[in-house]
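Chemist: Protein sequences, first through last, are from chains A and B. Our numbering numbers the first residue of the first sequence as 1 and each following residue consecutively. Our numbering numbers the first residue of the second sequence as 115 and each following residue consecutively. Backbone N, C-alpha and C fix where the C-beta goes; we use that ideal spot for every residue, glycine too. Just so we're clear, the structure is a prediction, and the values are computed from it rather than from any experiment.
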Amino acid sequence: KNQVEQSPQSLIILEGKNCTLQCNYTVSPFSNLRWYKQDTGRGPVSLTIMTFSENTKSNGRYTATLDADTKQSSLHITASQLSDSASYICVVSAGSGGYNKLIFGAGTRLAVHP
Amino acid sequence: EAGVAQSPRYKIIEKRQSVAFWCNPISGHATLYWYQQILGQGPKLLIQFQNNGVVDDSQLPKDRFSAERLKGVDSTLKIQPAKLEDSAVYLCASSARGTSGFDTQYFGPGTRLTVL
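Written as structure tokens, this is what we have:
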């Protein structure tokens, strides 16, 4: 069964600190892995997309890593800001061309406190 | 570039009533998605259109939910009759394959439905 699991469920950090969110998946066939940021009351916004051949990809203070062997990904946030408070959703695309199905994780809710 | 538009933003109805949501995707995007997001969970795909054809509706409760995209542009999602467990945010997204080869999804702000 295709599944995406994220940890922790929620996280509180102080402004300026770093944090790392985890994503484990069992999806086949794997096509790509995406991280989305969802602010409260808004739709998700794409942060990064990685294929199995990419180990790391950055988008400003966000850095995603992918280990296709262990089927794990992480999202590292550097020097957190209050505006980073949001849910971060890991999404894995399953398919091999043609129609790809997106499998969503439940998300990690991050709160950045001053 | 205008984003994905959805209306209404909020809707409160009583169980057994009907409700409809509207979505206008980004211009030129052939693929349109409807998701249901229950509080504390990730989005769940209800239906995916490619132009005006259905690609995937395997998780759409077809006894009460229906969706259409008649002209391959706007789409409506209807629930008839609504149940308490339908309380959720309904997200619409659209995508087009970019130069990177990926079909990046762009989400609308969602419609928050409360069924009393």
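Counting only Cβ-Cβ distances shorter than 8 Å, please list the residues of the region 167-187 of chain B near chain A, keeping chain order.
Modeler: Those residues of the region 167-187 of chain B that come within reach of chain A (Cβ to Cβ, closer than 8 Å) are 169 and 170.
Chemist: How should residue 211 of chain B be labelled, buried or exposed, when 16 other C-beta atoms within 10 angstroms of its C-beta is the threshold for buried?
Modeler: Residue 211 of chain B should be labelled exposed.
Chemist: Going by Cα to Cα distance, which pick from B/203, B/227, B/208 and B/165 is closest to residue 116 of chain B?
Modeler: Ranking the options by Cα distance to residue 116 of chain B, first place goes to B/208.
Chemist: In whole angstroms, what separates the C-alpha of residue 141 of chain B from that of residue 119 of chain B?
Modeler: Using only the alpha carbons, I get a separation of about 11 Å.
Chemist: Per DSSP, which one or two residues make a beta bridge with residue 125 of chain B?
Modeler: Per DSSP, B/227.
Chemist: Taking the CB atoms as reference points, tell me whether residue 22 of chain A and residue 7 of chain A lie closer together than 7 Å.
Modeler: The answer is yes: Cβ separation under 7 Å.
Chemist: Could you name the residues of the same chain whose beta carbon sits closer than 7 Å to that of residue 202 of chain B, not counting the 5 residues immediately before and after it, in chain order?
Modeler: Once the five neighbours on either side are set aside, the close Cβ partners of residue 202 of chain B are 150, 151, 152 and 227.
Chemist: Tell me which same chain residues have a C-beta within less than 7 Å of the C-beta of residue 173 of chain B, skipping the five on either side of it?
Modeler: If we look at residue 173 of chain B and ignore the five residues flanking it on each side, its Cβ neighbours are 158, 159 and 160.
Chemist: Would you list the one or two residues that DSSP bridges to residue 217 of chain B?
Modeler: Answer is B/211, bridged to residue 217 of chain B.
Chemist: Using a C-beta cutoff of 7 Å, does residue 205 of chain B count as contacting chain A?
Modeler: It does; some Cβ of chain A falls within 7 Å.
Chemist: Quick one, are the C-beta atoms of residue 27 of chain A and residue 2 of chain A less than 7 Å apart?
Modeler: Yes, they are a contact pair.
Chemist: Indicate whether residue 31 of chain A and residue 95 of chain A have their beta-carbon atoms separated by less than 7 Å.
Modeler: Going by C-beta atoms, residue 31 of chain A is nearer than 7 Å to residue 95 of chain A.
Chemist: For a test of your reading of the model: does the CB of residue 222 of chain B fall under 6 Å from any non-hydrogen atom of the ligand ADP? Yes or no.
Modeler: Among the components modelled here there is no ligand, and therefore nothing to report on the ligand ADP.
Chemist: My output table needs one value for residue 200 of chain B: the three-state DSSP class, helix, strand or coil.
Modeler: In the structure shown, residue 200 of chain B sits in a helix (DSSP, three-state: H, G or I).
Chemist: If we cut at 7 Å on Cβ distances, does residue 228 of chain B have a partner in chain A?
Modeler: Closer than 7 Å: no.
Chemist: In chain order, what residues of the same chain have a beta carbon less than 7 Å from the beta carbon of residue 57 of chain A, not counting five sequence neighbours either side?
Modeler: Excluding positions up to five away in sequence, the list reads 48, 50 and 64.
Chemist: Should the region 12-21 of chain A be regarded as contacting the region 69-82 of chain A, the criterion being three or more beta carbon pairs within less than 8 Å?
Modeler: Contact holds: three or more Cβ-Cβ distances are below 8 Å.
Chemist: The beta strand (DSSP E) that contains residue 58 of chain A, what's its start and end?
Modeler: Where residue 58 of chain A is concerned, the enclosing beta strand (DSSP E) stretches over 56-59.
Chemist: Within the same chain, show all residues whose beta-carbon is closer than 6 Å to that of residue 230 of chain B, passing over the 5 residues directly before and after it, in chain order.
Modeler: Hits under 6 Å: 128.
Chemist: Helix, strand or coil for residue 184 of chain B? Go by DSSP, reduced to three states.
Modeler: Three-state DSSP puts residue 184 of chain B in coil, outside helix and strand.
Chemist: Taking 7 Å as the threshold (C-beta atoms), are residue 85 of chain A and residue 112 of chain A in contact?
Modeler: It is a contact, given that the beta carbons lie within the stated cut-off.
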